[in-house]
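Student: Residue numbers (this note's numbering): 4 to 523.
For glycine and all other residues, C-beta sits at the position ideal for the given N, C-alpha and C.
Keep in mind it's a predicted model, so treat the numbers as computed, not measured.
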Ligand code: BG6
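#1: Would a C-beta distance cut-off of 7 angstroms place residue 365 and residue 239 closer than the cut-off?
#2: Among 99, 216 and 120, whose alpha-carbon lies nearest the alpha-carbon of residue 463?
#3: So for residue 116, helix, strand or coil by DSSP?
#4: What's the C-alpha gap between residue 406 and residue 352?
#5: My guess is that residue 268 and residue 350 are in contact by the Cβ rule of under 8 angstroms, so how many angstroms apart are they, rounded?
#6: Less than 6 angstroms separating the Cβ of residue 46 from some heavy atom of ligand 1?
#7: Measuring straight from C-alpha to C-alpha, what distance separates residue 441 and residue 418?
#8: Here's a check: name, in chain order, each residue in its chain whose Cβ is nearer than 7 angstroms to the Cβ of residue 275, leaving out the five neighbours to either side.
#9: Looking at residue 416 and ligand 1, is the gap between the Cβ and the nearest heavy atom below 6 angstroms?
#10: Compute the distance between the beta-carbons of residue 42 and residue 161, then report whether it is under 7 angstroms.
#11: Any contact between the region 508-516 and the region 367-381? By contact I mean 3 or more CB pairs, one from each, below 8 angstroms.
#12: My understanding is that residue 145 touches residue 34, with C-beta atoms under 8 angstroms, so please give their C-beta distance in whole angstroms.
#13: Using the C-alpha atoms, what's the distance from residue 421 back to residue 483?
#14: Would you mind giving the Cβ-Cβ distance between residue 318 and residue 311, rounded to the nearest angstrom? I have them listed as a contact below 8 angstroms.
#15: Considering residue 490, what are the terminal residues of the alpha helix (DSSP H) in which it resides?
#16: Could you tell me which residues DSSP puts in a beta bridge with residue 414?
#17: Tell me where the beta strand (DSSP E) around residue 44 begins and ends.
#18: Leaving out five residues before and five after residue 92 in sequence, what residues of the same chain have Cβ atoms less than 7 angstroms from its Cβ?
#19: DSSP state of residue 443, grouped into three classes?
#20: On a Cα-Cα basis, can you pick out the residue from 453, 476, 125 and 356 that is closest to residue 509?
#21: Who does residue 242 pair with in a DSSP beta bridge?
#22: Which runs of the alpha helix (DSSP H) at least 4 residues long sit entirely within the region 293-342? Give them in chain order.
#23: Could you tell me if the beta carbon of residue 222 falls within a distance shorter than 6 angstroms of some heavy atom in ligand 3?
#24: Got a sec, what are the start and stop residues for the alpha helix (DSSP H) residue 28 sits in?
#25: For residue 408, which beta-bridge partners are listed by DSSP?
#26: Buried or exposed for residue 51, please, with buried defined as at least 16 other CB atoms from any protein chain shown within 10 angstroms of its CB.
#27: Measure from the alpha carbon of residue 382 to the alpha carbon of each residue in 134, 196, 219 and 80, then state which is nearest.
#28: Here's a check: name, in chain order, each residue in its chain whose Cβ is nearer than 6 angstroms to the Cβ of residue 203, leaving out the five neighbours to either side.
#29: Over what stretch of residues does the alpha helix (DSSP H) that includes residue 356 continue unbroken?
#30: Do the region 80-96 and the region 128-142 touch if we need at least three Cβ pairs shorter than 8 angstroms?
#31: By DSSP, does residue 283 sit in helix, in strand, or in coil?
#32: Residue 533: which of 400, 507, 107 and 501 sits nearest, CA to CA?
#33: Taking C-beta to C-beta, are residue 120 and residue 74 nearer than 7 angstroms?
#34: For the beta strand (DSSP E) that contains residue 371, what are its first and last residues?
#35: To the nearest angstrom, how far is it from the Cα of residue 89 to the Cα of residue 408?
#36: Scan the region 69-122 and note each continuous beta strand (DSSP E) run of 3 residues or more that stays entirely inside, going in chain order.
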């Protein structure tokens, strides 16, 4: 059936004359700025930052007046830095590399070695050099300081930026970007916030969580608050439970050093997963501005019921992968990964049951799970509705019918689907579940990192995490992590095979409540 009469197929998009058209949308380009990377010879710069800047440039979304100043402990020339970055970009986009585009960006890349702990070095490498480059590239003193360094050196860098006056906004902006996890528990998160506060004001701080910038995650708010038909059902009267899954097939890749210190709970829960929960559970903000939205997200965190530590087994299940098969290939267990201790008790899987004790969600469990080396890569939020109040077909059917499910498919196959019952043609009482599906296939233009970088340049903090939210999520999870770490028994691991759906106890966590995990 042709729906064109009913459906006004028009994209309504905020637009201004200076906006750039990408795909079907107009995007606000950033103002002139410079991008200072701390840790420019490191893994994050290679894997994410430079490839993202390259793609932004290719999409015409970097300002003309722009440059990158890479810094790091490694002594190397700007030419060597450009050479390394070229190799990285070519490797990341083997089929999509454009030499002209790279040359334009490479002409704006510089490198200057820096001793993170020496104030002299900041003067020489940054305070003296930045104004010269700013004059050359006319970047209007707008500065972004990106910490692509291990947390152990955050303090040195932040304090020295303050001491050398570089954090000071003098005719332009000075934004500092900190990646998750922000600290490793409540105490360290508070400490990090207080160090930041000594040199920067809150509006200058971008605590980035790239999950918030995924198109499908941003769409949760649009879906909930730009449609009138779902919100009346969005509560404990109609929803039975919510499942949030972030399943990965990858192991820890080259990140043993980071992962051994972090583990799945610190890596995924206080940030990515609880942010997904907040967007699902929050109240409608009064307006679509950074603080109104962030206020609502934090109210959810404040309403999360503390875990009963004496009965933690009923609420949290953890695991570590052993060897197994992924896509027909044998893969090693976590303890055999390069750089990992053979007795490691680091967690690579966790499942939790969480309650949000407020008017809307009282009594509704949120089942969360995340793990590495699982059967498939899948990030989704599934809203499971309650069965109909009276089943008038029950005396005619032999089994109960499946209640409605709404699924936000965050990745892959980004989209939304709603499962509902429809009559099967033929017999009078014959029902089958059918799916109404919306897919973003082929439409995702910028990846999450590219959005995050654009926002830092444009001064939009909506997708960054505010100080109070960081502390609240750690306040909630720190007692659990402490309890788990103090009770952990090395002989428990490994307790799930690579390529499986996780530990058997994880199934029990939800089956005890008469429910089931969705398949991976
Ligand atoms: C990162 C975690 O923040 O997110 C990684 O540190 C994880 O361990 C990654 O693999 C997942 O991100 P994405 O976008 O691939 O789902």
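Tutor: In short, the structure shows the following:
#1: yes
#2: 216
#3: strand
#4: 29 angstroms
#5: 6 angstroms
#6: no
#7: 5 angstroms
#8: 212, 214 and 249
#9: no
#10: no
#11: yes
#12: 6 angstroms
#13: 34 angstroms
#14: 7 angstroms
#15: 470-490
#16: 382
#17: Unbroken run through residue 44: none, as it is neither H nor E.
#18: 53, 54, 57, 100 and 105
#19: coil
#20: 356
#21: 388
#22: 293-306
#23: Looking at this structure, you won't find ligand 3 anywhere; what it does contain is ligand 1.
#24: Unbroken run through residue 28 is the beta strand (DSSP E), 28-30; no alpha helix (DSSP H).
#25: 387 and 422
#26: buried
#27: 219
#28: 170 and 179
#29: Where residue 356 is concerned, there is no enclosing alpha helix (DSSP H), although the beta strand (DSSP E) it sits in stretches over 352-358.
#30: no
#31: helix
#32: Outside the displayed span of the chain (4 to 523) sits residue 533, for which this structure offers no information.
#33: no
#34: 368-374
#35: 46 angstroms
#36: 69-75 and 112-116
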